[in-house]
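Please read the structure below before turning to the comments.
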Amino acid sequence: MKHNSIDSERSVVGGLLLDPCVDRVLPTRLTHEDFSDERLGYIFECILEMARDKKPIDILTVRDYIDSQYQPKVREITSSSSRSWVVDFQDLAMLSENSTGTSNIEVYANHIREVRIKNEIDDLKKDINYDNYQETVSQIQTLELEMESKNGNSIFSIVGKTIDYLENPSESGFGLSSGFESLDSLISGFKAHTLTVVAGRPSMGKSTLALNIADHVSQTNNVLFFSLEMSQIQLMLKMVSSKTSIPLSKIDKGELSDSEEGRFYKELSKTGNQSLTIIDKGGLTVKDIVVRSRQANSELKVDLILIDYLQIMKYDKGREISELGNITRELKYLSKELGIPIILLSQLSRGVESRENKRPYMSDLRSSGEIEQDADIVLMVYRDEYYHPEDTPDRGLAELIVAKNRMGQIGYVKCQFDGQFSKFSDVEVDIYGLSNKGGQVH
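Position one of the sequence shown corresponds to residue 3 (my numbering), numbered consecutively onward.
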């Protein structure tokens, strides 16, 4: 849907007819090409020309100036005419009569330009594909630079943006819920413009956690899930297993009882109504993911993107550190561009296995410096039962360790983990501070 600026266009032209403060409009860089209404843009251009020629400006003088230019007669207006409209005194009178004045004319002028640029950007995003990716991205970036106000980086402007941020609950308040109260109480949900890295060694359950989050969020929001390892069918079976508490192994082998089969198909049908798109194509590059994300967002506004997982993406393995850094940086840029949270799964290095204490540190992230720098949140999954099945006090539990939280606290929470059902679930909400836990997160 196109952004609309018609009210601002009428306000600017009507205001100038009453108070020709052209000197206040010129710094906004507004031109007649920014107007969605060609006739209003023409009147605006005539007013600018009169100001440049130092001619007096009011309804009558503008009418006379326009009449002195080429004005097609009604009988001359055809489908082949360069202009299919005329401007008369009544049009000008109506604009001035309905004018809101010029006290906010700079705001209206800036809005007209921004709307025109936003519409152009949206059009480019709709047509982006693999072949025109670089050229289109360059055009989008140029338009985004054009949209920036020359005072947009001033402290006064930043104060205004900060007030808007604090007054917008979707920006400053609680983000998208993970579906786990204990985790949400620690990170305040997944917020717009952020990149969250969920990391763990194999068999810790990070893919299951990501799928549980996607399942929860997609019940009320549009979710895009890139699965580079598991197929769509595998993910669907895991989702239904977690909802029905029917063991995944029984579902996969087709060993369901009559009652289980009824529950399974009922839940499968309900899951089909959720707003979840799963792309299970392997060997995707970060460029592929960015292009597909933009296309999906242009078709149906995406609220959350999940990617499983970083190291299985296609990149130059001979330059792993820089390549992984480029991937996380591009995904961070994508989260800011689309204004949504992105969750990226990542493996931890094998160094964890050689330590007596298997709980992960931030340094266990492969190419940790690059990933840590780009991530807003680093969330690590650890299950002590996997390493100490006989003597762990945390049987059936998983630790979700928030090792980095750019806009909040760090710490960890415990969740119930039922591997046979591919399911994490809340236990008693319990946030442990690192200060009295031996500084286990680094």
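Cβ coordinates follow ideal geometry from the N, Cα and C atoms, glycine included.
Since the model is a prediction, treat every value here as computed from it, not as a measurement.
Reference residue i; option with closest CA among the options
i: N407; options: D396, I323, G320 and S187; result: S187
i: N134; options: I307, K303, V292 and L97; result: V292
i: F419; options: L211, R41 and T102; result: L211
i: V461; options: W87, D254 and S277; result: One cannot answer for residue 461 here, as it falls past the ends of the chain, which runs 3 to 444.
i: S38; options: R321, K128, K416 and V117; result: V117
i: S348; options: I235, D60 and I309; result: I309
i: H5; options: K120, L62, C417 and I68; result: K120
i: K334; options: G410, A194 and G256; result: A194
i: S271; options: Q71, L250, S261 and V242; result: V242
i: L336; options: N100, T198 and S10; result: T198
i: L350; options: Q221, K283, R203 and I189; result: R203
i: E231; options: K338, G181, G284 and S295; result: G284
i: R357; options: Y389, I329 and K338; result: Y389
i: K2; options: N223, A400, F228 and L381; result: Past the boundaries of the shown model lies residue 2; the chain is included only from 3 to 444, so the question cannot be answered.
i: L32; options: F91, K316, D21 and E148; result: E148
i: I235; options: D93, K57, I342 and I281; result: I281
i: E374; options: D305, N328, S179 and E392; result: N328
i: L402; options: T330, E301 and K208; result: K208
i: E301; options: R352, I59 and D124; result: D124
Distance, residue j Cα to residue i Cα
i: D376; j: G177; result: 19 Å
i: P395; j: L258; result: 33 Å
i: R265; j: T246; result: 7 Å
i: L286; j: M364; result: 26 Å
i: S184; j: P362; result: 20 Å
i: G103; j: G16; result: 8 Å
i: H34; j: E47; result: 6 Å
i: V225; j: T279; result: 6 Å
i: I253; j: E269; result: 13 Å
i: I142; j: E332; result: 15 Å
i: L346; j: I189; result: 16 Å
i: I428; j: I130; result: According to the sequence as given, residue 428 is Asp; it is not Ile. Using only the alpha carbons, I get a separation of about 41 Å.
i: Q411; j: G274; result: 36 Å
i: L340; j: R296; result: 8 Å
i: V27; j: K127; result: 30 Å
i: D305; j: Q221; result: 12 Å
i: P22; j: M52; result: 10 Å
i: M409; j: A298; result: 28 Å
i: Q355; j: P391; result: Inspection of the sequence shows that residue 355 is occupied by Glu rather than by Gln. For E355 and P391, the distance between alpha carbons rounds to 15 Å.
i: D93; j: K289; result: 50 Å
i: R397; j: K316; result: 37 Å
i: S10; j: D69; result: 25 Å
Whole-Å CB distance - residue i paired with residue j, under 8 Å assumed
i: Y384; j: M206; result: 6 Å
i: L145; j: E122; result: 6 Å
i: N214; j: K425; result: 7 Å
i: L19; j: V89; result: Not a contact, Cβ separation roughly 12 Å.
i: L326; j: A201; result: Contact doesn't hold; Cβ gap of about 12 Å is too wide.
i: W87; j: R41; result: 5 Å
Residue i - DSSP class collapsed to helix/strand/coil
i: E78; result: Confidence at E78 is low in this model, with a pLDDT of 43, below 50, so its placement is unreliable and the value that follows should be read with caution. It is helical.
i: N121; result: helix
i: T198; result: strand
i: G413; result: strand
i: M364; result: helix
i: N131; result: coil
i: A400; result: strand
i: V354; result: helix
i: Y67; result: helix
i: G440; result: Residue placement at G440 cannot be trusted, given a pLDDT of 35 that sits under 50; the coordinates are not used to answer.
i: M382; result: strand
i: A377; result: coil
i: D9; result: helix
i: L185; result: helix
i: L308; result: strand
i: D420; result: strand
i: G57; result: Checking the sequence, you will find Lys at residue 57 rather than Gly. The answer is coil: DSSP assigns K57 none of H, G, I, E or B.
i: I342; result: coil
i: L302; result: coil
i: D93; result: helix
i: E137; result: helix
i: L347; result: strand
i: L50; result: helix
i: K425; result: strand
i: L178; result: strand
i: S83; result: A caution first: S83 carries a pLDDT of 45, below 50, which makes its placement in the model unreliable, though a value can still be read off. Coil.
i: N359; result: coil
Contact with chain B by residue i, beta-carbon distance below 7 Å
i: S205; result: Checking the listed chains, one finds no chain B in this structure; it contains a single protein chain.
What residue ranges within the region 250-296 form continuous beta strand (DSSP E) runs of no fewer than 3 residues, ordered along the chain?
As summarised for the region 250-296, the continuous beta strand (DSSP E) elements at least 3 residues long and confined to that stretch are 278-281, given in chain order.
message: To test your reading of the DSSP string, which unbroken beta strand (DSSP E) runs of 3 or more residues are found completely within the region 204-250?
response: Within the region 204-250, the complete beta strand (DSSP E) runs of at least 3 residues are 225-229.
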